[in-house]
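Engineer: What follows is a single structure, and I will ask about it in a moment.
Number of protein chains: 2
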Amino acid sequence: MKSLILAATATLGLLAALPATAQFQKPEDAVKYRKAAFTVMGTHFGRIGAMANGRIPFDGAAAAANAEVVNVVAKLPYAGFMEGTAGTEKGTPKANVWTERAKFDAAAKKMQDEVAKLNVAAKANNLDTLKTAFTSAAGTCKSCHDEFRNP
Amino acid sequence: MKSLILAATATLGLLAALPATAQFQKPEDAVKYRKAAFTVMGTHFGRIGAMANGRIPFDGAAAAANAEVVNVVAKLPYAGFMEGTAGTEKGTPKANVWTERAKFDAAAKKMQDEVAKLNVAAKANNLDTLKTAFTSAAGTCKSCHDEFRNP
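Structure (structure tokens):
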């Protein structure tokens, strides 16, 4: 258990070397990348949610594996929020992502922190522990979407 | 160094608990997921390639971080190759993904093995070591695309 947590921490320590700023030549590449990262993250987060909400049977090993993926991928999409890629359609980022960038970054950090806690909780092999951590993490998704995403 | 390799190994050990079979309700969800996983993987693999090919300056920490992401995400797309999702357009999977599934799975495994080696090599902070491992990994992408992807 301890070694697993150390492993997750070491992996995330490495990821800190990824540039926070965009590295995309074209805005459409940045948009495609961030959407892809959210799709992967959302798929695995959704599987944890399905267990937390009783839609699929609880499987501790699968919960831990899904949380591990979420924990890595949650670090990624934000580099894709390149200037000039706000939208107006449903699901696109609102302009305040850039006009209130510090607030947006703080919301992203809050999600990543809750996801890191979920990754620890998911290794406990206990459904109630998973539910609590999932609910906290899901709350950070919703609050950021409410504030920065076109409904 | 040793602890970083152990960390990467432990992370991948966890991921073995992810189901190999598809877990998607609709074929379009499986297609969207696998494309997203390849987009994320390809972006980070491409950054290593840009260093290996001298298009961007070598940065050992960034190379290691990108390889870590590739190593996790390389495990993911194959669950999205759901029966009945072959295509004919450029870039879609050919029908032999399913008619020769064991061969396809072996090609995927070969790529994942080379990516795991790349992840170790990227931690050596040496451009020549990175180049060699990148070239081997890139070869497995190409051979699988040549055989199983519509040109």
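Just so you know, the protein sequences line up as chains B and F, in that order. Its first residue numbered 8, the first sequence is counted upward by one per residue in our numbering. Its first residue numbered 8, the second sequence is counted upward by one per residue in our numbering. For glycine and all other residues, C-beta sits at the position ideal for the given N, C-alpha and C. Predicted, not measured: the structure shown is a model, and the values here were computed from it.
Taking the alpha carbon of Asp36(F) as the point to measure from, which residue in Val47(B), Val38(B), Pro26(B) has its own alpha carbon closest?
Structural biologist: Looking up residue 36(F) in the second sequence gives position 29. Of the listed residues, the one whose Cα sits closest to Asp36(F) is Val47(B).
Engineer: Taking 8 Å as the cut-off, does the region 66–77 of chain B touch the region 100–109 of chain B (at least 3 CB pairs, one atom from each stretch)?
Structural biologist: The region 100–109 of chain B is not in contact with the region 66–77 of chain B.
Engineer: Does the structure place the region 133–147 of chain F close enough to the region 87–94 of chain F that three or more beta carbon pairs sit under 8 Å?
Structural biologist: Short answer: they don't touch.
Engineer: Chain B beta carbons: is any one of them nearer than 7 Å to that of Glu75(F)?
Structural biologist: Residue numbering aside, residue 75(F) sits at position 68 when the second sequence is read from its first letter. Closer than 7 Å to some Cβ of chain B, the Cβ of Glu75(F) qualifies, so yes.
Engineer: Which residues in the same chain as Glu154(F) place their Cβ atom closer than 6 Å to its Cβ, once the five residues preceding and following it in sequence are excluded?
Structural biologist: As a position in the second sequence, residue 154(F) is number 147, starting the count at 1. No residues qualify anywhere along the chain.
Engineer: So Ala123(B) and Asn78(B) are in contact, right, with Cβ under 8 Å, and what is the actual spacing, rounded?
Structural biologist: By one-based count along the first sequence, residue 123(B) stands at place 116. By one-based count along the first sequence, residue 78(B) stands at place 71. At roughly 6 Å, the Cβ-Cβ gap stays under 8 Å, so Ala123(B) and Asn78(B) are in contact.
Engineer: Pro84(F) by DSSP, collapsed to three states: which one?
Structural biologist: Taking the second sequence and counting its residues from 1, one reaches residue 84(F) at position 77. It is helical.
Engineer: At the level of alpha carbons, what is the spacing between Phe31(B) and Ala24(F)?
Structural biologist: Taking the first sequence and counting its residues from 1, one reaches residue 31(B) at position 24. Taking the second sequence and counting its residues from 1, one reaches residue 24(F) at position 17. So the two alpha carbons sit approximately 33 Å from each other.
Engineer: At the 7 Å Cβ level, is Tyr40(B) part of the contact set with chain F, yes or no?
Structural biologist: Position 33 of the first sequence holds residue 40(B). By this cut-off, Tyr40(B) is an interface position.
Engineer: Would you verify that the beta carbon of Val137(F) is, or is not, closer than 7 Å to some beta carbon of chain B?
Structural biologist: Against the second sequence, residue 137(F) aligns to sequence position 130. Correcting the residue identity first, residue 137(F) is Leu in this sequence and not Val. Leu137(F) does not count as touching chain B.
Engineer: Kindly indicate which residue of Lys117(F), Ala128(F), Pro84(F) has the alpha-carbon position closest to the one of Pro26(F).
Structural biologist: As a first step, residue 26(F) must be located in the second sequence, where it is residue number 19. Comparing Cα positions, the closest option is Pro84(F).
Engineer: Kindly indicate the opening and closing residues of the alpha helix (DSSP H) around Ala93(B).
Structural biologist: By 1-based counting over the first sequence, the position of residue 93(B) is 86. Note, Ala93(B): premise wrong, no alpha helix (DSSP H); not H, not E.
Engineer: If you reduce the DSSP assignment to three classes, tell me which class Arg54(B) lands in.
Structural biologist: As a first step, residue 54(B) is located in the first sequence; it is residue number 47 there, counting from the start. Three-state DSSP puts Arg54(B) in a helix.
Engineer: Can you tell me which of Lys82(B), Phe52(B), Met58(B) puts its alpha carbon nearest to the alpha carbon of Asn73(B)?
Structural biologist: Sequence index remark: in the first sequence, residue 73(B) carries index 66 (1-based). Checked all of Lys82(B), Phe52(B), Met58(B); the closest Cα to Asn73(B) is Phe52(B).
Engineer: Does Thr46(B) get closer than 7 Å to chain F when you measure Cβ to Cβ?
Structural biologist: In the first sequence, counting from the first residue as 1, residue 46(B) sits at position 39. Yes, contact with chain F.
Engineer: To the nearest angstrom, report how far apart Ala102(F) and Lys110(F) are at their CA atoms.
Structural biologist: Mapped onto the second sequence, residue 102(F) falls at position 95. Mapped onto the second sequence, residue 110(F) falls at position 103. C-alpha separation (whole angstroms): 13 Å.
Engineer: Start and end of the alpha helix (DSSP H) containing Lys138(F)?
Structural biologist: Locating residue 138(F) in the second sequence gives position 131, where the first residue counts as 1. Its alpha helix (DSSP H) spans residues 134–155.
Engineer: I need the DSSP call for Pro26(B), collapsed to helix, strand or coil.
Structural biologist: For this step, residue 26(B) is matched to residue 19 along the first sequence. If DSSP states are grouped into helix, strand and coil, Pro26(B) belongs with coil.
Engineer: If you compare alpha carbons, which of Gly87(B), Pro100(B), Leu22(B) is closest to Ala44(B)?
Structural biologist: Looking up residue 44(B) in the first sequence gives position 37. The residue with the shortest Cα to Cα distance from Ala44(B) is Gly87(B).
Engineer: Reducing DSSP to helix, strand and coil, say where Pro100(F) ends up.
Structural biologist: Here residue 100(F) corresponds to residue number 93 of the second sequence, with the count starting at 1. Note: Pro100(F) maps to strand in three-state DSSP.
Engineer: Measure from the alpha carbon of Met58(B) to the alpha carbon of each residue in Val38(B), Arg41(B), Lys33(B), Asn132(B), then state which is nearest.
Structural biologist: Indexing the first sequence from 1 puts residue 58(B) at position 51. It is Asn132(B).
Engineer: Under the three-state reduction of DSSP, which class applies to Arg41(F): helix, strand or coil?
Structural biologist: As a first step, residue 41(F) is located in the second sequence; it is residue number 34 there, counting from the start. Three-state DSSP puts Arg41(F) in a helix.
Engineer: Whose Cβ in chain B lies nearer than 8 Å to the Cβ of Ala69(F)?
Structural biologist: In the second sequence, counting from the first residue as 1, residue 69(F) sits at position 62. Chain B residues near Ala69(F): Ala24, Leu25, Pro26.
Engineer: Check whether the Cβ atoms of Tyr40(B) and Thr50(F) sit closer than 7 Å, and answer yes or no.
Structural biologist: Position 33 of the first sequence, counting from 1, holds the residue named residue 40(B). Position 43 of the second sequence, counting from 1, holds the residue named residue 50(F). Cβ distance < 7 Å, so Tyr40(B) and Thr50(F) count as in contact.
Engineer: Would you mind reading off the limits of the alpha helix (DSSP H) that contains Lys110(F)?
Structural biologist: By one-based count along the second sequence, residue 110(F) stands at place 103. Here the alpha helix (DSSP H) through Lys110(F) covers 108–128.
Engineer: Could you say which of Ala128(B), Thr18(B), Gln119(B), Glu75(B) lies nearest to Cys148(B) if we only look at CA atoms?
Structural biologist: Looking up residue 148(B) in the first sequence gives position 141. When only C-alpha atoms are compared, the closest one is Gln119(B).
Engineer: Give me the Cα-Cα distance between Lys130(F) and Ala115(F), rounded to the nearest whole angstrom.
Structural biologist: Taking the first residue of the second sequence as 1, we reach residue 130(F) at position 123. Taking the first residue of the second sequence as 1, we reach residue 115(F) at position 108. Roughly 23 Å between the two C-alpha positions.
Engineer: In chain B, what lies closer than 8 Å to Thr106(F) by C-beta?
Structural biologist: The count along the second sequence starts at 1 and reaches residue 106(F) at position 99. The premise fails here: Thr106(F) is roughly 27 Å from chain B at the closest Cβ pair, so nothing lies under 8 Å.
Engineer: Let me make sure I understand the geometry here. Which of Leu134(F), Arg156(F), Arg54(F), Asn126(F) has the alpha-carbon closest to that of Leu19(F)?
Structural biologist: Residue mapping note: residue 19(F) aligns to position 12 of the second sequence, counting from 1. Per the Cα distances, Asn126(F).
Engineer: Give me the Cα-Cα distance between Lys97(B) and Lys33(F), rounded to the nearest whole angstrom.
Structural biologist: Locating residue 97(B) in the first sequence gives position 90, counting from the first residue. Locating residue 33(F) in the second sequence gives position 26, counting from the first residue. Lys97(B) and Lys33(F): Cα-Cα distance of roughly 22 Å.
Engineer: Return the CA-CA distance between Ser150(F) and Thr95(F), expressed in angstroms with no decimal places.
Structural biologist: Within the second sequence, numbered from 1, the residue matching residue 150(F) stands at position 143. Within the second sequence, numbered from 1, the residue matching residue 95(F) stands at position 88. Approximately 19 Å, taken between the alpha carbons.
Engineer: Taking C-beta pairs closer than 8 Å, name the residues in chain B that Gln30(F) reaches, listed in chain order.
Structural biologist: Counting from one through the second sequence, the residue named residue 30(F) turns up at place 23. Under the 8 Å cutoff, chain B gives Arg54.
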